[in-house]
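In my numbering, the protein residues as written are 147 to 305.
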């Protein structure tokens, strides 16, 4: 029991440190990590139940999750780079740049993981309301639109 309490304390300390460091964004990261774990566990459970578990498929799933983590890291580095540049310009900007890309990327991956978990729920025989899938799709579209809005210059070309 003592070991369990130590693990709980360490997990709580890690979550507290993350949120103290990043604030609201830390919770997004925690949600992403938790959803990645649930998605992987569900996929593994389904494969075991169907007698289709394969170490190669499991490694591919982990590899995929590692790629997601790398993409989030690149977005975070882009935010740090832009923030560093913006903070050292010889002019004062009318806003303070903190983060932009990383929260969008993390939100996109969260929605992707949620969609995958819903697919697992369906394959496990659980009923999933169509409107929940629709809401996830709409939210994913909104996140994609926000990212595309950055690319098109904020809609300055007649949007």
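Ideal placement from N, C-alpha and C gives every residue a C-beta, glycine not left out.
- Rounded to whole angstroms, the gap between the alpha carbons of residue 222 and residue 198 is 37 Å.
- The count of Cβ pairs closer than 8 Å, one atom from the region 200-215 and one from the region 272-285, stays below three, leaving the stretches out of contact.
- Taking residue 193 as the centre and dropping the five residues before and after it, the same chain places the C-beta of 199 closer than 6 Å to its C-beta, in chain order.
- Just measuring C-alpha positions, the residue of 160, 174, 147, 148 sitting nearest residue 257 is 174.
- Shortest Cα-Cα distance from residue 179 to any of 278, 260, 265 involves 260.
- Fewer than three Cβ pairs drawn from the region 147-156 and the region 228-239 lie within less than 8 Å of each other, which leaves the two stretches out of contact.
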